[in-house]
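One structure below.
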Amino acid sequence: MSADVTRYLTPRGALGYKLDDAERYLRAFARIAAERDEDHFRAATVLTWLLVERQSG
Numbered sequence: 000m001s002a003d004v005t006r007y008l009t010p011r012g013a014l015g016y017k018l019d020d021a022e023r024y025l026r027a028f029a030r031i032a033a034e035r036d037e038d039h040f041r042a043a044t045v046l047t048w049l050l051v052e053r054q055s056g
């Protein structure tokens with residue numbers, strides 16, 4: 000999923016979009032998804048990620 004995040008962010012960044020927050024959130028989610036060996040968005044993973052982000056934020 001990390002490669003998908005890069006594919007999503009690269010052209011937008013090249014167009015001048017400020018993606019600091021989006022990049023941080025997407026990469027954090029991609030890390031958790033990779034730890035679970037997932038390559039699709041799953042509701043349970045999103046909820047876990049939200050809890051982790053909330054605790055670390």
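So the sequence shown is residues 0 to 56, counted in numbering that gives the first Met the number 0.
Every residue, glycine too, gets a C-beta built ideally from N, C-alpha and C.
Helix, strand or coil at residue 37 according to DSSP, with G and I counted as helix: Within the sequence shown, the letter at position 38 stands for residue 37. Coil.
- prompt: Thinking C-alpha only, which one of 26, 4 and 41 is nearest residue 52?
  reply: Along the sequence shown, read from residue 1 onward, the residue named residue 52 stands at position 53. Of the listed residues, the one whose Cα sits closest to residue 52 is 26.
query: Is the CB-CB distance between residue 0 and residue 33 below 8 Å?
result: If you number the sequence shown from 1, residue 0 lands on position 1. If you number the sequence shown from 1, residue 33 lands on position 34. In this structure, residue 33 lies closer than 8 Å to residue 0 by Cβ.
Residues near residue 30 in its chain [Cβ-Cβ closer than 6 Å; skip 5 each side]: Along the sequence shown, read from residue 1 onward, the residue named residue 30 stands at position 31. Taken in chain order, the list of residues that qualify is empty.
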